[in-house]
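Remarks on the structure that follows.
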Amino acid sequence: MLRKNDIYEAEIIDYTAEGSGICKIDGFAVFVPSVAVGDKLRVRILKVAKSYAFGKAEEIVEASPSRISSDCPVFGKCGGCTFRHIRYDAEVAFKQKRVTDALSRIGGLDPGLIEPIVGADMPSCYRNKVQMPVTKDSSGIIKAGFFAPRSHRIIPLDDCMLQCKAFAPAMEIIFAWANTYGIVPYDEATHTGVLRHIYLRYGEKTHELMVCIVSKVRQLRHEKQLVEALVSGLPELKTVVLNINPDKTNVIVGKECHNLYGEGYITDELCGKRFRISPLSFYQVNRTQAERLYKIASDFAALKRNETLLDMYCGTGTIGLTMADQVKSLIGVEIIPQAIEDARKNALMNGITNAEFICGDAAEAISALNKRGILPDCVIVDPPRKGCDGVLIDTVALMDPTRVVYVSCDPATLARDVKLFSAKGYSVQRAVPVDLFPRTCHVETVVLMSHNI
Ligand code: SAH
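Below, the structure is given as structure tokens:
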């Protein structure tokens, strides 16, 4: 029987879906974070459950061949990266296995069907969006950081290797302003203070920078000085937005935005089309890999001029609009009003006249489209991590498109939904994992399903 604080020697044999190492001790699966498959370790047991336990690496007895030394001072403490301690080829191998395991075990697919993962050429500096909670460090200086794993304790950082280089100078200006004027960071526990999050976005192709300050209060003190400092210090600055989030919630942004400078949005280019992006709209965080993802989705969709395409969970319309030229008509559905407004403007901006965008819940909107008699030839779904609503899957099947392209950011819910689709007569033809989130445990997958005839 394992006991808390006992130390055992063990070898890491696999990873969990979240990227923790797994070793077997006395028949227990013991989960150990920030280690590598192939590591021989001395493991201290921290917590024992019925058939599994949690442990901590006390000492590396023999390092795995895939180990590298981490290049970040807060790796392991910060909840951002899962893998700064293994080679990138080992990370993509883990992701390939994660998708294959989910799709074969939960989805019932033949593992041979899953094609090789599309890895990233640039595993660093790829994120074009950052949202950092604000805090004071041990010496009382205002800083931002990320939450520690599974906690809301902020780990202050000076730099983050996943972020675009354009963000560090903006952060510096905001901290200097906040420290000069004694702006009080928001405290989640007491729901006091002002400055909640610093939220930045960058159009890598257009070099347009957005600064968004998430504040608990509507009237930010010394707001004018902040805008002046940002405008004079950042040549790429396009807009400054104040987002107000007065609620006791862990949702980062509130519903209300005020432009302090510029138009309240930036534009970027994806697959040759221009897109405007507002603070409340979703936009893919890894532009280079998103283009590869969309190219695969487009190949899978194999659209024809006389066809109708349905783009469910469309965000600012990016997937559908990059394919609109290939079809007769495009309908996009999305729940966030600001994203739909962006999608409509994006169609206009790109001279696309065959697109319609509907704001609403995906399952409800698709039922309404079905009642309208819309018969799409191809349906693309790109839901959030929780996957598709069952009603949506039923309704897609009723509409009877010949192809369904599923873009997923969670292999487990993808596998569950693939099984639901298969019960409705759709079978998976192709599946390709794409690494949109290097150094984290997340992985995207594109699946083509077609109707069994
Ligand atoms: N396809 C887009 C966005 C994908 S992210 C792109 O590639 O950029 C998932 C999107 O689903 C988000 O924009 C989110 O706001 C939206 N969403 C979440 N729940 C939804 C629901 N119930 N109905 C419709 N859209 C939803």
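According to this note's numbering, the residues represented by the sequence shown are 1 to 453, in order.
Positions of the beta carbon are idealized from the N, C-alpha and C atoms, including for glycine.
Proximity of residue i and residue j at Cβ, strictly below 7 Å
i	j	result
Q289	L162	no
G254	I244	yes
Y186	K143	no
T192	T267	no
T239	E263	yes
A301	G317	no
L230	V211	yes
E457	R276	The displayed coordinates of the chain run from 1 to 453. Any statement about residue 457 would go beyond what the structure contains.
D382	Y313	yes
I198	I183	no
G55	R44	yes
Y202	N306	no
V74	I155	yes
K273	N350	yes
L41	I22	no
I380	I319	yes
I117	K95	yes
D39	S64	yes
Residue closest to residue i, alpha-carbon to alpha-carbon, out of the options
i	options	result
M1	T16, C23 and A53	A53
C78	D417, G332, T100 and D159	D159
A315	V407, L226 and G262	It should be pointed out that residue 315 corresponds to Gly in this sequence rather than to Ala. G315 has its Cα closest to that of V407, out of V407, L226 and G262.
G27	Y15, E18, S20 and A10	A10
T440	E59, P149, S51 and S66	P149
G19	K4, D6, V37 and I25	V37
D394	R403, D410 and F421	F421
F147	G80, Y181, Y261 and T190	G80
M323	C378, D14, Q338 and N370	C378
R98	I114, I86 and E334	I114
V48	K40, A29 and I366	A29
T249	N350, I296 and P133	P133
Y294	V432, T413, A339 and W177	V432
E341	L392, S329 and A355	A355
M122	K50, P438 and S450	P438
N5	I13, T16 and A57	A57
V251	G140, I335, V404 and V214	V214
R218	D247, M449 and L237	D247
L414	S138, M449 and R403	M449
V428	V434, N452 and E444	N452
I25	R3, H442, Y126 and K95	R3
L310	F357, A412, Q96 and L260	F357
Q284	E228, A339 and E62	A339
I7	T308, D325, P33 and L46	L46
beta-carbon residue i near the ligand GDP non-hydrogen atom, thresh 6 Å
i	result
P438	In terms of ligand content, the structure shown lacks the ligand GDP and carries the ligand SAH instead.
Residue i at chain D interface by Cβ criterion, 7 Å
i	result
A17	No chain D is present in this structure, which holds just one protein chain.
The segment 272–282 / the segment 103–122 touching (three or more Cβ pairs under 8 Å): They do not touch, by the three-pair rule.
At what residue ranges does the segment 117–183 contain a whole run of the alpha helix (DSSP H), taking only runs of 4 or more? 167–181
For a minimum of 3 consecutive residues, which ranges assigned as the beta strand (DSSP E) are wholly contained in the segment 362–426? 378–381 and 403–408
Please give the ranges of any alpha helix (DSSP H) in the segment 221–305, keeping only runs that are unbroken, at least 4 residues long and fully inside the region. 223–233 and 287–301
Whole beta strand (DSSP E) elements within the segment 22–103, 3-residue minimum: 28–32, 40–48 and 52–62
Three-pair Cβ contact test at 8 Å for the segment 396–406 versus the segment 362–378: Three or more pairs of CB atoms, one per stretch, sit closer than 8 Å, so the segment 396–406 contacts the segment 362–378.
Could you say if the segment 170–178 and the segment 84–97 meet the contact criterion of at least three C-beta pairs nearer than 8 Å? no
Only counting runs of 4 or more residues, tell me where the alpha helix (DSSP H) segments fall wholly within the segment 316–367, in order along the chain. 318–321 and 337–349
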